[in-house]
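Position one of the sequence shown corresponds to residue 28 (my numbering), numbered consecutively onward.
We put the beta carbon where it would ideally sit given N, CA and C, even for glycine.
Please read these numbers as outputs of a predicted model, since none were measured by experiment.
These notes concern the structure reproduced below.
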Amino acid sequence: MTGHSAQKTEELLITYARHLHTMATSEPVWMKAARAESANRFAAMGIPSPRLEAWKYTNLRELIEGAFVPVDSTPVASDVVAQIVSEFGLPKQEGRPSPVEVVIHNGQVAEIAGADVSGVKVVSLAHMLEEQPERLQEWLFALAKPTENGNETLVSLNNTLFTDGVFVEFLPNAVVEQPVHLVFCGA
28 MTGHSAQKTE ELLITYARHL HTMATSEPVW MKAARAESAN RFAAMGIPSP RLEAWKYTNL
88 RELIEGAFVP VDSTPVASDV VAQIVSEFGL PKQEGRPSPV EVVIHNGQVA EIAGADVSGV
148 KVVSLAHMLE EQPERLQEWL FALAKPTENG NETLVSLNNT LFTDGVFVEF LPNAVVEQPV
208 HLVFCGA
């Protein structure tokens with residue numbers, strides 16, 4: 028790790044430690060352990076540099092030099108969400124069911140529209156963690172596990188700090204006529 032990279036790694040780990048009490052107040056024990064394991068993995072690997080072959084063409088300068096600020100959990104104003112959907116949402120088709128539209132703003136689920144489609148369940152990951160965390164235990168961190176080659180340190184960072192996401196479940200034999208459309212945007 029370079030000096031700047033090591034310093035930023037330490038800064039991000041301090042941020043994690045500061046916000047651990049707010050992030051983990053209601054989290055199950057398995058999730059706290061998985062976050063701690065991810066934080067330890069990130070601490071060991073640090074922010075990757077272009078010297079690693081897998082990161083040779085990826086510029087992480089903004090991450091290294093920028094200030095890290097935890098996500099603002101203030102809900103996004105409905106007019107902002109409406110503007111996002113109008114600009115980036117799928118066009119409505121006459122005579123067809125509306126698509127499920129999910130707006131993720133700065134990593135937080137801002138709105139889920141049309142989620143009452145038969146055969147599909149779309150809710151925020153934060154909601155699932157509050158209501159049914161046991162359903163997530165088997166696969167939540169397993170699907171986002173870094174590989175053994177050590178080149179996926181940012182997966183560990185994300186596993187350490189994430190607060191929300193989207194849970195999409197298709198029921199067996201479900202036929203969903205319209206797409207589930209995820210719109211990611213940031214400020």
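Backbone secondary structure at residue i - three-state DSSP
| i | result |
| --- | --- |
| residue 56 | helix |
| residue 140 | strand |
| residue 78 | coil |
| residue 107 | helix |
| residue 202 | coil |
In DSSP terms, what residue i is bridged to
| i | result |
| --- | --- |
| residue 208 | 128 |
| residue 193 | 151 |
| residue 135 | 132 |
Sequence-distant residues of the same chain with beta carbon closer than 6 Å to residue i, five excluded per side
| i | result |
| --- | --- |
| residue 57 | 164 |
| residue 18 | The structure shown does not extend to residue 18, since the chain is modelled only from 28 through 214, so no value can be given for it. |
| residue 131 | 211 |
| residue 194 | 150, 152, 155 |
| residue 183 | 65, 68, 69, 173 |
Candidates the options, of which the one nearest residue i by Cα
| i | options | result |
| --- | --- | --- |
| residue 136 | 209, 43, 126 | 209 |
| residue 181 | 73, 112, 196, 103 | 73 |
| residue 61 | 212, 179, 167, 203 | 167 |
| residue 53 | 212, 159, 184, 196 | 159 |
| residue 191 | 206, 102, 179 | 102 |
| residue 141 | 189, 106, 205, 134 | 205 |
| residue 93 | 189, 188, 34, 207 | 34 |
Status (buried if at least 16 other CB within 10 Å, exposed otherwise) for residue i
| i | result |
| --- | --- |
| residue 83 | exposed |
| residue 198 | exposed |
| residue 201 | exposed |
| residue 145 | exposed |
| residue 125 | exposed |
| residue 111 | buried |
| residue 162 | exposed |
| residue 59 | exposed |
| residue 75 | buried |
| residue 36 | buried |
Nonlocal neighbours in the same chain, by C-beta distance under 8 Å from residue i, ignoring five residues either side
| i | result |
| --- | --- |
| residue 108 | 130, 132, 137, 138 |
Cutoff 9 Å: residue i Cβ touching any chain B Cβ
| i | result |
| --- | --- |
| residue 137 | Here there is only one protein chain, and chain B is not present. |
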